[in-house]
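Structure first, commentary second.
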Amino acid sequence: MVFSLGRRRKAAAVSTCPYTSASPSDGPGGPSAAPAPRVTDRAEAEDFLRQFHREQPGGDVERRVREALAEIGRTGTYTHTPAELSFGAQIAWRNAARCIGRLYWRSLVVRDLRHVTTADGIAAQCFEHLRLAGNGGRIRPVISVFAPDRPGRPAPRIVNDQLVRYAGHRTSEGRWTGDPRGASSTDRALGLGWKRDEEPFQVLPLMVEERPGARPKWYEVPDGCLLEVPLRHPDHAWFADLGLRWYAVPAISDMTLEIGGVRYPAAPFNGWYMGTEIGARNLADAERYDLLPVVADRLGLDRSSERTLWRDRALVELNVAVLHSFHEAGVTMADHHTESERFLRHIARESSHGRPTPADWSWIVPPVSGSATPVFHRYYDPVDTSLRPAFLARGQ
Ligand code: ARG
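Under the working numbering, the residue at position 176 of the sequence shown is numbered 179, and the numbers go up by one with no gaps.
Below you can see the structure in the form of structure tokens.
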């Protein structure tokens with residue numbers, strides 16, 4: 004069964020997604036905070052359109068290129084067809100050198116929301132994204148593409164780095180509560196009038212800037228759109244008492260999708276989690292929830308020396324708990340052995356189409372038991388940062 008904290012509701016239609024807006028749309032700042040978008044690069048546009056027609060044969064490529072270049076001449080940019088947008092987003096995933104989960108790049112569901120430009124509309128659609136992607140536990144990879152930047156008219160932005168993330172702040176005694184990774188968003192939200200409780204897993208509100216530099220509007224994630232899994236251990240009853248949990252849908256919301264010279268700064272996308280992201284990083288890193296000493300003590304491990312490998316043993320049990328809990332909750336999650344094997348299948352399949360698979364070893368190899376997975380024991384095609392379409396870090 005799927006657990007969702009708060010009441011479980013039947014999936015709400017977008018229009019009834021009960022988000023709360025609590026701040027005025029305009030404030031100090033103004034569109035000056037980001038450089039004004041430039042005219043779309045004609046060579047990038049043409050390269051992309053030719054790639055699209057190479058990989059999806061059919062249609063008159065020469066005519067399409069002429070049409071797009073003429074539109075750039077007239078307006079400074081051009082409009083992707085829905086098919087080009089879908090293809091572009093899928094290729095951006097295929098090109099993501101840090102992602103081990105690329106075997107399923109073709110299955111990415113692309114939501115064409117380019118007409119949505121208001122903060123209210125974007126928030127409502129982000130929540131609908133979470134609901135569709137969560138899919139009652141059978142996680143679907145989804146991207147929601149909002150309006151692109153146009154010359155002289157920068158597009159809206161999502162402030163948060165993920166659609167769902169836990170707040171974190173340092174208490175007056177200098178200890179952390181919550182997720183330190185959420186600290187900057189927490190500060191931002193507090194500054195906008197949002198209220199933090201002391202809870203370690205409080206979901207941050209979604210913050211949307213209608214124009215870069217404008218005061219963001221913020222919205223609580225509605226219960227009905229939020230899927231979370233309380234963590235238990237198959238052999239240790241005490242584990243549940245730690246009160247840990249994690250959300251089901253990792254949805255990156257601070258990367259710009261760039262396709263054929265056009266930039267989509269608001270284009271949140273998600274896959275499903277690999278267990279180690281939560282069990283070996285989010286809950287384990289000293290700069291995150293820092294739970295290894297806690298788990299080791301509950302396991303009765305000897306922490307008097309590093310030689311006892313208490314950290315390693317605690318890590319394994321934490322990861323067992325994460326995989327077990329998601330499985331029991333019916334929420335899609337991959338283990339690092341399975342995902343590694345899938346990635347090698349992806350490379351083989353791409354190679355059979357004559358395509359390289361650029362990959363960043365340090366991101367692909369899982370953070371625990373690296374050498375026990377096949378992705379450890381090889382090198383990869385070099386990363387080419389000029390490869391497009393791509394997901395770009397903000398400011399890149
Ligand atoms: N590592 C990030 C997190 O723990 C999520 C990154 C994307 N992960 C994914 N499985 N698609 O939240």
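Note that beta-carbon positions come from the ideal geometry of N, C-alpha and C, so glycine has one too.
With 16 other Cβ atoms within 10 Å as the buried cut-off, status of residue i
i	result
Gly274	buried
Gly198	The sequence as given places Lys at residue 198; Gly does not occur at that position. With fewer than 16 other Cβ atoms within 10 Å, it is exposed.
Gly263	buried
Trp241	exposed
Ser328	buried
Tyr292	buried
His349	buried
Gly398	exposed
Gly33	Here Gly33 scores only 38 on pLDDT, less than 50, and its place in the model is too uncertain to base an answer on.
Ser147	buried
Leu234	buried
Pro40	buried
Glu320	buried
Ala86	exposed
heavy atom of the ligand ARG below 7 Å from residue i C-beta
i	result
Met277	yes
Ile255	yes
Gln205	no
Ile280	Just to set this straight, residue 280 is Glu in the shown sequence, not Ile. Yes, since a heavy atom of the ligand ARG falls inside the 7 Å radius drawn around the Cβ of Glu280.
Asn98	no
Gly185	no
Asn163	no
Arg306	no
Asn273	yes
Glu352	With the sequence shown as reference, residue 352 is identified as Arg, and Glu is not the correct amino acid for it. No, since every heavy atom of the ligand ARG falls outside the 7 Å radius drawn around the Cβ of Arg352.
Arg284	yes
Gly104	yes
Beta-carbon proximity of residue i to residue j, cut-off 8 Å
i	j	result
Met258	Glu342	no
Val113	Ala92	yes
Pro151	Val42	no
Tyr169	Val206	yes
Pro82	Glu74	In the sequence as presented, Pro is not what sits at residue 82; that position holds Thr. Against a cut-off of 8 Å, the Cβ pair of Glu74 and Thr82 comes out as a contact.
Leu111	Arg345	no
Ala434	Val211	Given a span of 4 to 399 for the chain in the structure shown, any question on residue 434 remains unanswerable.
Ala100	Val386	yes
Leu72	Ala48	yes
Phe279	Pro369	Here the sequence assigns Thr to residue 279, which means Phe is not the residue at that position. Yes.
Val68	Leu88	no
Thr120	Pro159	yes
Leu133	Ala254	yes
Gly140	Val334	yes
Asn98	Leu390	yes
Coarse secondary structure for residue i, derived from DSSP in three states
i	result
Leu195	coil
Ile142	coil
His118	coil
Ser26	Caution is warranted here: a pLDDT of 37 is assigned to Ser26, below 50, making its placement in the model unreliable, and no coordinate value can be reported.
Asn376	It should be pointed out that residue 376 corresponds to Thr in this sequence rather than to Asn. Coil.
Ser89	helix
Pro296	helix
Pro361	strand
His349	helix
Asn285	helix
Tyr204	The sequence shown places Phe at residue 204, not Tyr. Here Phe204 sits in coil by DSSP.
Tyr409	Limits of the chain in this structure are 4 at one end and 399 at the other, which puts residue 409 out of reach.
Ala150	coil
Gly171	strand
Gly181	strand
Glu223	coil
Gln458	Since the first and last residues shown for the chain are 4 and 399, residue 458 lies out of range.
Pro34	No answer about Pro34 holds up, because its pLDDT of 39 lies below 50 and its placement is not dependable.
Val17	Low per-residue confidence applies at Val17: pLDDT is 33, beneath 50, and the placement is therefore not dependable enough to give any value.
Thr84	coil
Arg266	strand
Glu131	helix
Ala100	coil
Val113	strand
Glu290	coil
Val68	helix
Gly137	helix
Ala73	helix
Arg53	helix
Gly398	coil
Per DSSP, the bridge partner or partners of residue i
i	result
Pro237	In the DSSP output, where bridge partners are listed per residue, Pro237 has none listed.
Glu212	Arg160
Asn273	Val145, Ala254
Arg248	Pro233
Ala337	Met277
Glu261	Arg266, Ala393
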